[in-house]
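Number of protein chains: 2
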Amino acid sequence: MKTIILIGANGIVGKAALTGLGKHNVITAGRSTGNYDYQVDITSEESLRKLYKDVGHFDAVVNAVGVCEYANFTEMTEKQWMNTIQSKMMGQINVVRIGQEYIADNGSFTLISGILNVKPLPYAIADATTSGAIDTFVKCVAFEMPRGIRINSVNPTVLEEAWEAHGELMPGFQPVSGTLVGKAFERSVDGFITGQVIFVDA
Amino acid sequence: MKTIILIGANGIVGKAALTGLGKHNVITAGRSTGNYDYQVDITSEESLRKLYKDVGHFDAVVNAVGVCEYANFTEMTEKQWMNTIQSKMMGQINVVRIGQEYIADNGSFTLISGILNVKPLPYAIADATTSGAIDTFVKCVAFEMPRGIRINSVNPTVLEEAWEAHGELMPGFQPVSGTLVGKAFERSVDGFITGQVIFVDA
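Line by line, the protein sequences are chains A and B.
The C-terminal position of the first sequence is numbered 202 in this note's numbering, with every residue numbered one higher than the one before it.
The C-terminal position of the second sequence is numbered 404 in this note's numbering, with every residue numbered one higher than the one before it.
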């Protein structure tokens, strides 16, 4: 049994991840206080450092959060771009950058990207660009992770649980179940793979 | 004959680009004053807007600059990451974001990435990650560019002209000539392709 920190456990992707991590000791973390075992803001180095110190021993970090702003490219402001970059890109990189100091030997990080970098949609250019950054980051940084630490990203299409909210804007997309996405997280955490983008698409 | 703004004309990649753009009216721009027709800092929205307004009519923008910081991942600071993101990623996105307001109908943007996102090397994780972001950006944003505007990126391996400076850190890499890289820029500017990553590798 591993001790896993799951950041964003109450979101749709977080709940999906949880379905694949059930046999482990899962410590939940998230932005709002009260709903999680620990409170954390991934855009803050100090907040991440406090989380890792407070938890103590852990074998894996699964991140299921990353704020994106949505707009037509011609209308998207630099502020909207930077909000997305600070959270979904730099925030996730910081989860690993700070976390690698504290995680157990042979531990693992699993980040989240999203299918829009390979299946583009209107309004989603910042989401797509930062997903491409995260998938690239994972593929390249794996070679220099110390102490046997692994890193992968899960790149899912839209989840069935999000279809009612987003399906109208995603013509021709086939949603997948949260349980299937959970298996991708399980494969990252309980497998031996590293530097992999685990696509979950239909 | 097209009017082309070449940002970073005096760098190694800029000089390579110039070899492919010789038949056009090339207006040069760069960070230092005196060496270029226009001075511009791509990390500043105001500086880019001034450049485009001052030039007036132009048919293409070729960007050959993007500052990257290099370090081992475990030692790279958030500041080093953000310096790289602000220039090579957000800076290049801003070249397009602001430029699309001013560029002529059926114009084109050509950005620069770099082979390290598909051939990783030590110290280059921020370079690789932002190159992956730029390649993804170009592939996805092409679908929503207005007025027939095209966009591509050139993703070269190390240039012969840079081999003396960087070759020692790039075992097993085969440098390519600046002239060959120039042809990639020419293919982007004078072709009809859009949303393409033009790899130049040997």
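Where is the CB? At the ideal position from N, CA and C, for every residue including glycine.
Only a predicted model underlies this, so the values are computations on that prediction, with no experimental measurement involved.
Problem set entry | Secondary structure of B/Leu371, DSSP reduced to three states | Here B/Leu371 carries a helix assignment [DSSP, helix/strand/coil].
Problem set entry | Residues of its chain near A/Leu18, where Cβ-Cβ distance is below 8 Å and the 5 sequence neighbours each way are ignored | Cβ within range, chain order: Leu6, Ala9, Val26, Gly182.
Problem set entry | Reference A/Met145; option with closest CA among A/Val62, A/Leu159, A/Glu101 | Nearest in C-alpha terms to A/Met145, of all of A/Val62, A/Leu159, A/Glu101, is A/Glu101.
Exercise. Near B/Pro324, which residues of its chain fall below 6 Å by C-beta distance, leaving aside the five closest residues on each side in sequence?
Worked result: none
Problem set entry | Within chain B, partners of A/Asn72 - CB distance below 8 Å | Glu346
For this session: Decide yes or no for the touch test of the region 77 to 85 of chain A against the region 111 to 130 of chain A: beta carbon pairs closer than 8 Å, at least 3 of them.
Result: The region 77 to 85 of chain A, when compared against the region 111 to 130 of chain A, does touch it at the 8 Å Cβ threshold.
Exercise. Could you give the residue range of the beta strand (DSSP E) that holds B/Arg352?
Worked result: 352 to 358
For this session: List the endpoints of the continuous beta strand (DSSP E) containing A/Gly203.
Result: Only positions 1 to 202 of chain A appear in this structure, which leaves residue 203 of chain A out of reach.
For this session: Answer yes if the region 260 to 271 of chain B comes into contact with the region 286 to 298 of chain B, meaning at least three C-beta pairs across the two stretches below 8 Å, and no otherwise.
Result: yes
Problem set entry | Within the region 65 to 101 of chain A, ranges of the alpha helix (DSSP H) (whole runs, at least 4 residues) | 78 to 84, 92 to 99
For this session: Please list the partners that A/Thr129 has in chain B, where partner means a Cβ-to-Cβ separation under 9 Å.
Result: Met291, Ile295, Ala335, Ile336, Thr338, Phe339, Cys342, Val343
Exercise. With a cut-off of 8 Å, does the C-beta of A/Asn83 fall near any C-beta of chain B?
Worked result: Output row for A/Asn83: interface = no.
Exercise. Between A/Leu1 and A/Lys50, what straight-line distance do the alpha-carbon atoms span, to the nearest angstrom?
Worked result: In the sequence under discussion, the amino acid at residue 1 of chain A is Met, which differs from the Leu named in the question. Using only the alpha carbons, I get a separation of about 24 Å.
Exercise. How should A/Ala165 be labelled, buried or exposed, when 16 other C-beta atoms within 10 angstroms of its C-beta is the threshold for buried?
Worked result: exposed
Exercise. Does the Cβ of B/His226 have 16 or more other Cβ atoms within 10 Å, making it buried, or fewer, making it exposed?
Worked result: Within 10 angstroms of the beta-carbon of B/His226 lie 16 or more other beta-carbons, which makes it buried.
Problem set entry | Start and end residues, alpha helix (DSSP H) containing A/Ala184 | 178 to 190
Exercise. Hey, quick one: how far does the beta strand (DSSP E) through B/Leu253 stretch, first residue to last?
Worked result: B/Leu253 -> not in any beta strand (DSSP E); alpha helix (DSSP H) instead, spanning 247 to 257.
Exercise. Between the region 305 to 324 of chain B and the region 349 to 360 of chain B, do at least 3 Cβ pairs fall closer than 8 Å?
Worked result: yes
Exercise. Ends of the beta strand (DSSP E) at B/Leu220?
Worked result: According to the DSSP assignment, B/Leu220 belongs to no beta strand (DSSP E) but to the alpha helix (DSSP H) extending over 214 to 222.
Exercise. What are the boundary residues of the alpha helix (DSSP H) that B/Phe401 is part of?
Worked result: Counting along the chain, B/Phe401 falls outside any alpha helix (DSSP H), though it belongs to the beta strand (DSSP E) covering 398 to 402.
Exercise. Do B/Ala262 and B/Ile314 come within 8 Å of each other at the CB atom, strictly closer than that value?
Worked result: no
Problem set entry | Supposed contact pair B/Gly258 and B/Phe416 - C-beta distance, whole angstroms, cut 8 Å | Residue coverage of chain B in this structure runs from 203 to 404, which leaves residue 416 of chain B outside it and unanswerable.
Exercise. With DSSP run on the structure shown, which of helix, strand or coil describes B/Ala211?
Worked result: Coil.
Problem set entry | Per DSSP, cross-strand counterpart(s) of A/Gln174 | In the DSSP output, where bridge partners are listed per residue, A/Gln174 has none listed.
Problem set entry | Spatial distance of A/Ala16 from A/Arg31 (CA atoms) | 18 Å
For this session: For A/Gln100, return the contacting residues in chain B, with the cut-off set at a CB-CB distance below 7 Å.
Result: Here the neighbours are Thr276.
Problem set entry | Assigned exposure category for A/Lys88 - 16 Cβ within 10 Å defines buried | buried
For this session: May I ask you to check if the CB of B/Asn274 is nearer than 7 Å to at least one heavy atom of the ligand GTP?
Result: Absence of the ligand GTP from the depicted structure is noted, as is the absence of any ligand whatsoever, leaving it without description.
Problem set entry | Under the three-state DSSP convention, the category A/Thr130 falls into | helix
For this session: Classify B/Ile395 as helix, strand or coil using the three-state DSSP reduction.
Result: coil
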